[in-house]
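Novice: Right, I'll just put the structure down here and ask away after.
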Amino acid sequence: MATGQRVDPYRNFRYLVEIFGIVQAGFSECTGFGSNVEVIEYREGGEFPTVRKLPGKISFTDITLKYGVTDSTELYDWHKAVLDGTIDRRNGSIIQLDDTGQKKVRWNFFNAWPSKYDAPDYNAKGNDVSIETLTISYERLERA
0 MATGQRVDPY RNFRYLVEIF GIVQAGFSEC TGFGSNVEVI EYREGGEFPT
50 VRKLPGKISF TDITLKYGVT DSTELYDWHK AVLDGTIDRR NGSIIQLDDT
100 GQKKVRWNFF NAWPSKYDAP DYNAKGNDVS IETLTISYER LERA
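Residue numbers (our numbering): 0 to 143.
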């Protein structure tokens with residue numbers, strides 16, 4: 000019996016986020032990216048009572064990035080530009096790394112802009128890192 004090389008799945012804490020023109024050291028969370036295809040149901044006339052299902056409108060779920068507060072304001076400034084009426088659409092990537100830090104899988108998102116910003120929560124009794132949250136809307140996602 001031949002034995003193959005063991006291939007383990009990649010771990011979800013090894014990733015990078017690249018957004019064109021923005022350098023941000025790290026993110027504590029990167030969630031929500033994916034796609035949906037609306038299902039359109041209809042029934043044809045005739046002898047078959049079966050409901051047919053066809054693909055409809057395509058949509059992409061927003062990306063949520065959480066990151067520790069630092070002196071860098073690049074991500075906030077990008078959102079502030081939207082608040083001021085300038086939508087600066089950018090492309091970016093979420094990159095899966097293996098255990099050695101090599102880039103293995105890339106999800107590229109296109110025409111992205113920050114649609115929501117949440118400042119950190121504060122608590123005088125706490126000892127946690129202050130976390131900012133940025134939600135990014137985009138028009139297309141590809142796994143490369």
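All C-beta atoms in this analysis are idealised placements derived from N, C-alpha and C, irrespective of residue type, glycine included.
With the cut-off set at 8 Å, would you say Q101 and Y14 are in Cβ contact?
Specialist: Against a cut-off of 8 Å, the Cβ pair of Y14 and Q101 comes out as no contact.
Novice: Taking 8 Å as the threshold (C-beta atoms), are F108 and L74 in contact?
Specialist: Contact: no.
Novice: Here's the rule I'm using: 16 or more other beta-carbon atoms within 10 Å means buried, otherwise exposed. How should A123 be labelled?
Specialist: Under this definition A123 is an exposed residue.
Novice: Using beta-carbon positions only, say whether K65 and T2 come within less than 8 Å of one another.
Specialist: Not in contact: K65 and T2 (Cβ atoms no closer than 8 Å).
Novice: Take every Cβ of the segment 56–65, pair it with every Cβ of the segment 26–45, and state whether three or more of those distances are shorter than 8 Å.
Specialist: Yes, the segment 56–65 is in contact with the segment 26–45.
Novice: Express the C-alpha separation of G20 and R89 in angstroms, rounding to a whole number.
Specialist: Approximately 8 Å between the Cα atoms of the pair.
Novice: Could you please give me the residues that DSSP links to P113 through a beta bridge?
Specialist: P113 pairs with I135.
Novice: Kindly indicate which three-state DSSP category Y9 falls into: helix, strand or coil?
Specialist: In this structure, Y9 counts as coil in the three-state DSSP scheme.
Novice: What residues match up with L140 in a beta bridge as DSSP calls it?
Specialist: For L140, which the question treats as bridged, DSSP gives the partners F108.
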